[in-house]
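Q: In full-length UniProt numbering, the protein residues as written are 8 to 342.
This is the structure I have questions about; it appears just below.
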Ligand code: KG4
Ligand code: ZN
């Protein structure tokens, strides 16, 4: 099967998303977001996420089929995110996918969430083929990955503490900005001066390609506490802009070093933080100065969605990488 017709389910965190893809082509990508509910609590509440996925999943499956204009009987396979993520949230999608695969007697494919994020680039750019270098920046991960072939990855660097998105979310919280923190910080930063504060950059002068974002996060928190104690009003925009600048600078710098080491001529971005306009612009400028091409998924394909899982699933299906009906959620699955 050259371009299998795959229905994909993604429920690893706070979006219930179901897509229908034909290989790299997206026929439907429905996303039922839980963000307004979790915003009330300042972050994702796992128990609520599981319940909301359970309520939403059947309806989102039907919506995706309707948008794609196909019936269940047309499908060549069912793909589902089985990790990493919140265990209860993952289990909802895995159970729905298993029920469909069993009832339709069609192959089931388990997809690694990060592999899905990387595959968003195949959806974005039909011409993109490995090898390339991918910077994966999400709420849970910060990875520099060499994509050697479809499904073949070599990790060049990773965060040793907080993920980039996690740092955005925590900094947003101390600045009093709403969940999810990334878009809120980006918006606040537009009105701010990125040079107003100088926050520490980790591992300067060290030889590896790992990241650390807990230092910059703590520096922002300390600055906020210091300003509170002096009863000064919080310069939210300047703090947001200076924080964002520090994170973007670190991400770009390590990516450039990884390009030099791997001699890759192509770079891709993936994950929710890749929706950040400052990161996209800075990365593009830095890479084009080196003659390196950059692929960046559209923002809707950067944050969690079913289409990226379907695309990764289609490649696994073609490779005969089929899961059994005993497929289980693996909350801390490694790439
Ligand atoms: O990939 P994703 O949707 O879910 C995970 O797999 O974690 O990423 C979510 C993360 C959150 O931390 C969110 O704050 C961050 O991506 N994010 C952003 C932006 N949009 C989402 N960070 C910075 N700027 C953005 N525009
Ligand atoms: Zn994600």
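Here a beta-carbon is modelled for each residue, glycine too, at the ideal position from N, C-alpha and C.
Taking only three categories from DSSP, how would you classify residue 211?
A: coil
Q: Looking only at its own chain, which residues have a Cβ that is under 7 Å from the Cβ of residue 210, when we skip the five neighbours before and after it?
A: 217, 219
Q: Helix, strand or coil: which one does DSSP assign to residue 302?
A: strand
Q: Starting from residue 160, follow its DSSP beta bridges and name the residues at the other end.
A: 154
Q: To the nearest angstrom, how far is the alpha carbon of residue 244 from that of residue 187?
A: Between the alpha carbons of residue 244 and residue 187 lies a distance of about 17 Å.
Q: Could you check whether the Cβ of residue 310 sits closer than 8 Å to any heavy atom belonging to the ligand ZN?
A: yes
Q: Throw me the rounded Cβ distance for the residue 15 and residue 307 pair, which I believe falls under 8 Å.
A: About 15 Å separates the two Cβ atoms, so there is no contact after all.
Q: Contact defined as beta carbons within less than 8 Å: I believe residue 223 pairs with residue 254. What is the distance between those atoms, to the nearest angstrom?
A: Approximately 7 Å separates the beta-carbon atoms of residue 223 and residue 254; this is inside 8 Å, confirming the contact.
Q: Buried or exposed: residue 116, going by 16 or more other Cβ atoms within 10 Å of its Cβ?
A: buried
Q: If you measure from the CB of residue 249, is any heavy atom of the ligand ZN nearer than 8 Å?
A: no
Q: If you measure from the CB of residue 282, is any heavy atom of the ligand KG4 nearer than 8 Å?
A: yes
Q: Taking 8 Å as the line, does the beta carbon of residue 170 fall inside it for any heavy atom of the ligand KG4?
A: yes
Q: Within 8 Å: the Cβ of residue 20 and any heavy atom of the ligand KG4?
A: Taking non-hydrogen atoms of the ligand KG4 into account, the C-beta of residue 20 is found less than 8 Å away from one of them.
Q: Look up residue 40 in the DSSP assignment and say whether it is helix, strand or coil.
A: Reduced to three states, the DSSP call for residue 40 is strand.
Q: What residue from 154, 183, 150, 162 has the CA that sits closest to residue 172's CA?
A: Measuring from the Cα of residue 172, the nearest candidate turns out to be 150.
Q: Any beta-carbon of chain C closer than 9 Å to the one on residue 225?
A: The chain labelled as chain C is not found in the depicted structure, where only one protein chain is given.
Q: Check the DSSP bridge columns for residue 20 and list the partner residues they point to.
A: Answer is none; residue 20 lacks a bridge partner.
Q: Would you say the beta carbon of residue 145 is closer than 8 Å to some non-hydrogen atom of the ligand ZN?
A: yes
Q: Report the option in 55, 36, 39 whose CA atom is closest to the CA atom of residue 45.
A: 55
Q: Please list the terminal residues of the continuous beta strand (DSSP E) segment that includes residue 343.
A: Given a span of 8 to 342 for the chain in the structure shown, any question on residue 343 remains unanswerable.
Q: Does the separation of the CB atoms of residue 276 and residue 287 fall below 9 Å?
A: yes
Q: Kindly provide the ranges of any alpha helix (DSSP H) runs that are 4 or more residues long and lie completely inside the segment 177-210, ordered along the chain.
A: 188-196
Q: My parser needs the beta strand (DSSP E) runs of 3 or more residues fully inside the segment 28-116; what are they?
A: Within the segment 28-116, the runs of beta strand (DSSP E) that reach at least 3 residues and sit entirely inside it are, in chain order, 32-40, 84-90.
Q: Return helix, strand or coil for residue 270, following the three-state DSSP convention.
A: coil
Q: Could you tell me the boundaries of the alpha helix (DSSP H) in which residue 231 lies?
A: 221-236
Q: If you count every other CB in all the chains shown that lies within 10 Å of the CB of residue 339, and 16 or more means buried, which is it?
A: exposed
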